[in-house]
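Trainee: A single structure is presented below for examination.
Number of protein chains: 2
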Amino acid sequence: MADRAALEELVRLQGEHVRGLKQQKASAEQIEEEVAKLLKLKAQLGPDDTKHKFVLKTPKGTRDYSPRQMAVREKVFDVIIRCFKRHGAEVIDTPVFELKETLTGKYGEDSKLIYDLKDQGGELLSLRYDLTVPFARYLAMNKLTNIKRYHIAKDFDIAGQFDPMIPDAECLKIMCEILSSLQIGDFLVKVNDRRILDGMFAVCGVPDAKFRTICSSVDKLDKVPWEEVKNEMVGEKGLAPEVADRIGDYVQQHGGVSLVEQLLQDPKLSQNKQAVEGLTDLKLLFEYLTLFGINDKISFDLSLARGLDYYTGVIYEAVLLQTPAQAGEEPLGVGSVAAGGRYDGLVGMFDPKGRKVPCVGLSIGVERIFSIVEQRLEALEEKVRTTETQVLVASAQKKLLEERLKLVSELWDAGIKAELLYKKNPKLLNQLQYCEEAGIPLVAIIGEQELKDGVIKLRSVASREEVDVRREDLVEEIRRRTAQAPCAC
Amino acid sequence: MADRAALEELVRLQGEHVRGLKQQKASAEQIEEEVAKLLKLKAQLGPDDTKHKFVLKTPKGTRDYSPRQMAVREKVFDVIIRCFKRHGAEVIDTPVFELKETLTGKYGEDSKLIYDLKDQGGELLSLRYDLTVPFARYLAMNKLTNIKRYHIAKDFDIAGQFDPMIPDAECLKIMCEILSSLQIGDFLVKVNDRRILDGMFAVCGVPDAKFRTICSSVDKLDKVPWEEVKNEMVGEKGLAPEVADRIGDYVQQHGGVSLVEQLLQDPKLSQNKQAVEGLTDLKLLFEYLTLFGINDKISFDLSLARGLDYYTGVIYEAVLLQTPAQAGEEPLGVGSVAAGGRYDGLVGMFDPKGRKVPCVGLSIGVERIFSIVEQRLEALEEKVRTTETQVLVASAQKKLLEERLKLVSELWDAGIKAELLYKKNPKLLNQLQYCEEAGIPLVAIIGEQELKDGVIKLRSVASREEVDVRREDLVEEIRRRTAQAPCAC
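Residue numbers (the numbering used here), protein chains in the order written: chain W, 107 to 595; chain D, 107 to 595.
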């Protein structure tokens, strides 16, 4: 066994060595030699036939959802989907993986995070990284120029050539509607425009080739102070200190439509075509946001940059100002819970003739929202029902399994959500306890006497009251007792 | 470029050579040498910097879903989820990929179909192949011994130690409820038991080691005639012809509970402990299915074997007898639309101490069902609405964008599903046409006069009737006009 362990260690070290060489961008020949060594070592090692040490876990970065967590998710998704439907969106779906080349060159510095699938001797595939690039691929492939759609209950987009800022304003309205309905606390939507950023970089004297990398430095301003960002720009990215200072003067500003108007008068920015286009659009956007009654939720923030390469116009990001303070709750801190923007060039990257389809969209940070809602429910020690069962079919005496099966089947066929214990002769107490635990409100109890009388004893779990109901009236009575407020579907 | 093409061809050939060697199970050293050659060639080739020939497609074996297809899916999923909830199931979710070792050794001959992810220098991952193995991993990891759950609207399982055949009967009831509700035509559920199959193989004289492979031959009987299956057993799998004939006598039988009773008297089978256990359970199962009123949908079929290794008891598979004949419709043929069974050993494979959790479940063949429903709708040329929009906010004159934005925002805030065209000055005709195409039933028309009078003109798209509604009554009037039959949620 010692030999095998040593060999395994050698393989591991050689693997690290190869990865190191790759990071140092060593020559192809050098890497190839080392890979050959690695393969040789692995061949010596042979298949591992020792007792299997099995680790029971999900892959790094993934998680399971328990019934309780799924019940929370379902409520959150329900709010989001209702809103998307209210705004007339269709729904599409795309596969979990895409051709590798579909995803290549779309994300900028984030593309390190893409998972590739192992070569199966056919196509090179990768797991999708977001829903926006697959959506753009879908539009190009189906030659669609117009669509309003949502995707897996968290991404919403409007594609098409329209009058300026109307779809953009609707995306912001949708974001505000969803965040208000979810009742996860006060929020603010930061808005900026890639054209304003680019114009600002130009007038500050940033070389063209450095726009994207300086943009990703600016994006860090919500987490670290300006001094640190400046150090990165000057030290790591080789920007002249006076250029960085000029950027600093701009990106530390935020405000409402008055800041937009002020910058339109800015002696330098007003000379830059791109910046003026961006500012003029933002001014119009603010008009529409006022008509939508959400302008007080919006802040024009020059430090908002968004990480992804594909944005071309308006960008936005919603942050929670503070999670509602609850007894015993850990503060979750401020963070982005929804974001998006305009990406007018992405579909053209897929079209053989480069035809463009302007798009604007948003994505809801559902995982973050789930955590917030979950944490709050835990702090409140609130009970979350994980099923919707209306009634448990129970029996008070032994030898009534057949009668229980017959009754529960009748109820299912009438559309009632019903359960029974999978035991031949369960105790009544156990059946009642099951209802308490699962939050089932009613119990339909069968007994010898009830069978003779053609009735079922219907018990309310909360009040413990019992009444005899004629069997033919049972379905109606259960419906009546478990009817909720008129639903909004 | 000619050099490059030649090199590319060499790489291709060398790649094929390596794959060939692997299939021939050549020695590790031999393969390793050839891999090194391949790598050398690839290094010479270098990166491809020629003009990128981009192929716009989804990965092999995957597809996109259009809004129309998603609308069909939503209806199908709605039926399925309603049924799962009616039976008191909780819902869980697990990640799209799993550790490779979680999936290894669970599927038998089907495991070739598993996609591995490329080594990211960390864990070895694979895309999940079904939802059953992740479910079993979830139970073992969370030390759960009891749960009734569904997963992504298509898999339903009951885990736990219960009195025999009650959960199994409920699974069959669920399958029948769903297939009836979907109205995709008449169906039959074939039922068998792995223990009956194994007992039958034993009494026919199949060597123990060949049980699984002979089982997968039997599984083909729904597609090819007995003679072909026999040839495979004898020719490819080395079974003695007289053993195959004995199997043939059994597997060509199917019927109801009377066949179960007959086989319990079978001189050979009645001597085999496993077979008797399986037959006894099936007899009990038929009793429960009769109480559930679905025994006429069930056929005990000795040729049903199911491909996957993990089944241990009752197995079942629903087939459509015939898709409903529609004018111009291509017959889709008979095929499996739902299936499942009992797998009492799978959770134990994940548990460090091998503790078992008995499970029984079913999976709905949603893709196949979508195709059937889609094809039928196409044959009927039925229009499928892809949005739920209740009203379009329109204007009869120019310069009313602001008024349209204000009104649509009011409607959204009141929970009405509303849209507007993203144009400053759309023509009324275009707005009405949009409603016709999208199936929007109502139009709220704003005009100068209406604004002065404090009313909105509400138009029914179908009847073309228009009435003036006071603005404060508009929401209520839209709700009233678009109210559906009381919903069943």
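Note that beta-carbon positions come from the ideal geometry of N, C-alpha and C, so glycine has one too.
Please classify G434 of chain D as buried or exposed, where buried requires at least 16 neighbouring CB atoms within 10 angstroms.
Mentor: At G434 of chain D the pLDDT is 46, less than 50, meaning the model places this residue with poor confidence; the figure from the coordinates comes in the next sentence. Exposed.
Trainee: Residues in the same chain with beta-carbon distance under 6 Å from R243 of chain W, minus the five sequence neighbours each way, listed in chain order, please.
Mentor: T208 and F456
Trainee: Look at I290 of chain W and L483 of chain W and say whether their C-beta atoms are less than 8 Å apart.
Mentor: no
Trainee: Against S515 of chain W, what residues of chain D qualify as contacts under a CB-to-CB distance less than 8 Å, listed in chain order?
Mentor: K279, L397, F398 and G399
Trainee: Please report whether the beta-carbon of D598 of chain D lies at a distance below 8 Å from any beta-carbon of chain W.
Mentor: Outside the modelled stretch of chain D, which goes from 107 to 595, sits residue 598 of chain D, for which no answer is possible.
Trainee: Considering only the alpha carbon of each residue, which of D:K336, D:L526 and D:I302 lies closest to L507 of chain D?
Mentor: D:L526
Trainee: Please specify which runs of the beta strand (DSSP E), each continuous and at least 3 residues long, are wholly inside the region 457–531 of chain W, giving them in chain order.
Mentor: 465–470 and 497–501
Trainee: What is the rounded straight-line gap between the Cα of L580 of chain W and the Cα of I562 of chain W?
Mentor: Their backbone Cα atoms lie some 8 Å apart in a straight line.
Trainee: Does the beta-carbon of L511 of chain D have 16 or more other beta-carbons within 10 angstroms, so that it is buried, or is it exposed?
Mentor: buried
Trainee: Under the DSSP definition of a beta bridge, which residues are partnered with K296 of chain D?
Mentor: Paired residues: D:S405 and D:E423.
Trainee: In chain order, which continuous runs of the alpha helix (DSSP H) of length 4 or greater are located wholly inside the region 176–230 of chain W?
Mentor: 206–209
Trainee: Using a Cβ-Cβ cut-off of less than 9 Å, list which residues of the region 187–205 of chain W approach chain D; keep chain order.
Mentor: R188, C189, K191, R192, H193, G194, A195, E196, V197, I198, D199, T200, P201, V202, F203, E204 and L205
Trainee: Taking 8 Å as the cut-off, decide whether the C-beta atoms of I284 of chain D and V185 of chain D are in contact.
Mentor: yes
Trainee: For R565 of chain W, count neighbouring C-beta atoms within 10 Å of its own C-beta (all shown protein chains included) and say buried if the count is 16 or more, exposed if not.
Mentor: buried
Trainee: Measure the CB-CB distance between W332 of chain D and G354 of chain D and report whether it falls below 8 Å.
Mentor: yes
Trainee: What is the residue span of the beta strand (DSSP E) that S566 of chain W lies within?
Mentor: V561 to S566
Trainee: Does the distance from the CB of L452 of chain W to the CB of Y422 of chain W come in under 8 Å?
Mentor: no
Trainee: Using a threshold of 8 Å, state whether the C-beta atoms of F262 of chain D and G467 of chain D are closer than that.
Mentor: A contact, by the Cβ cut-off of 8 Å.
Trainee: What in chain D is Cβ-close to I272 of chain W, meaning under 7 Å?
Mentor: Y528
Trainee: Is the region 491–509 of chain D touching the region 469–476 of chain D, taking contact as three or more C-beta pairs under 8 Å?
Mentor: no
Trainee: How would you list, in chain order, the residues of chain W whose beta-carbon sits under 8 Å from the beta-carbon of K163 of chain D?
Mentor: L205 and M247
Trainee: Hey, out of D:H257, D:D236 and D:D450, whose CA is closest to A246 of chain D's CA?
Mentor: D:D450
Trainee: What residue range does the alpha helix (DSSP H) around L388 of chain W cover?
Mentor: Following the DSSP letters along the chain, one finds L388 of chain W inside the alpha helix (DSSP H) bounded by residues K379 to L397.
Trainee: Just to confirm, are V178 of chain W and F476 of chain W a CB contact at a threshold of 8 Å?
Mentor: Yes, they are a contact pair.
Trainee: As a quick exercise: from W:F307, W:Y356 and W:N378, pick the residue whose alpha carbon is nearest that of L598 of chain W.
Mentor: The question about residue 598 of chain W has no answer, for chain W in this structure spans 107 to 595.
Trainee: Given that R255 of chain W touches chain D, what residues does it touch there, using C-beta distances under 8 Å?
Mentor: Here the neighbours are P173.
Trainee: Given R491 of chain W, which residues of its chain have a CB within under 6 Å of its CB, disregarding the five upstream and five downstream residues?
Mentor: Here the set comprises G545.
Trainee: Could you give the DSSP three-state label for G454 of chain D: helix, strand or coil?
Mentor: helix
Trainee: For G454 of chain W, which residues from the same chain have a beta carbon less than 7 Å from its beta carbon, with the 5 sequence-adjacent residues on both sides left out?
Mentor: Contacts found: G460, R461 and K462.
Trainee: Is DSSP giving F606 of chain W helix, strand or coil here?
Mentor: The displayed coordinates of chain W run from 107 to 595. Any statement about residue 606 of chain W would go beyond what the structure contains.
Trainee: Between V297 of chain D and chain W, is there a C-beta pair that is closer than 8 Å?
Mentor: Nearest CB-CB separation between V297 of chain D and chain W: not below the 8 Å threshold.
Trainee: Alpha carbon to alpha carbon, what distance is there between R412 of chain W and D325 of chain W?
Mentor: 6 Å
Trainee: By the criterion of Cβ-Cβ separation under 7 Å, what are the contact partners of E494 of chain W in chain D?
Mentor: K191
Trainee: Give a yes or no on contact between the region 309–326 of chain W and the region 221–241 of chain W, applying the rule of three or more CB pairs nearer than 8 Å.
Mentor: no
Trainee: Taking 6 Å as the limit between beta carbons, can you name the residues of its chain near H158 of chain D, skipping five residues before and five after?
Mentor: Legend: pLDDT at H158 of chain D = 48, less than 50; position of this residue unreliable, no value from coordinates given.
Trainee: Helix, strand or coil, according to DSSP, for E578 of chain D in the structure here?
Mentor: helix
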